[in-house]
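**Student:** I have a structure I would like to understand better, so I am pasting it below and will then ask my questions one at a time.
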Amino acid sequence: MFETNNFISRRYQLQAQIVAKRLPQVLQQRGLEAAFAEFLLTSTQGMVLLFAILDLPRVRRLEAYTTPELLHHLSTDLQGLPVFLSNSNGLRYAIPLSPLPRLPK
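Residue 16 in my numbering is what sits at position 12 of the sequence shown, and the numbering runs on without skipping anything.
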């Protein structure tokens with residue numbers, strides 16, 4: 005249920021485990037099924053990202069999982085970590101665990 009790609013420090017692995025444990029709890033608090041298929045921890049270009057991939061056949065009301073209010077609630081519960089929605093192919097939450105890169109001036 006929890007995959008890791010690339011070399012990722014122990015610190016980020018532990019943080020990802022905490023986040024992966026909290027996400028289902030938050031969904032259940034909001035009356036939603038914690039319908040996660042898997043969690044994927046990866047890194048690219050110095051960023052460490054956790055993807056929480058939902059199992060669409062278990063999701064009853066897709067719109068309930070995509071509201072700005074839910075994303076804000078998830079972020080708040082995760083102590084301010086940003087939570088992004090990706091629905092181009094399936095449905096997943098992307099949570100950057102490392103600081104976001106700064107844009108050049």
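Glycine is no exception: its CB is placed at the ideal position from the N, C-alpha and C atoms.
Cutting at 8 Å between CB atoms, please list the residues of its own chain near P111, excluding the five before and the five after it.
**Tutor:** Because residue 111 is not part of the residues shown, which for the chain are 5 to 109, the question remains open.
**Student:** So, under 8 Å CB-CB, L78 and Y97 are touching, yes? Tell me the CB distance rounded to an integer number of Å.
**Tutor:** Contact between L78 and Y97 holds, with the beta-carbon distance rounding to 7 Å and staying under 8 Å.
**Student:** Taking only three categories from DSSP, how would you classify T80?
**Tutor:** DSSP places T80 within a helical segment (H, G or I) once states are collapsed to three.
**Student:** Please report how far the alpha carbon of R65 lies from the alpha carbon of P100, in whole angstroms.
**Tutor:** 26 Å
**Student:** Let me know the secondary structure DSSP gives P61 once reduced to three states.
**Tutor:** Looking at P61 - three-state DSSP - the assignment turns out to be helix.
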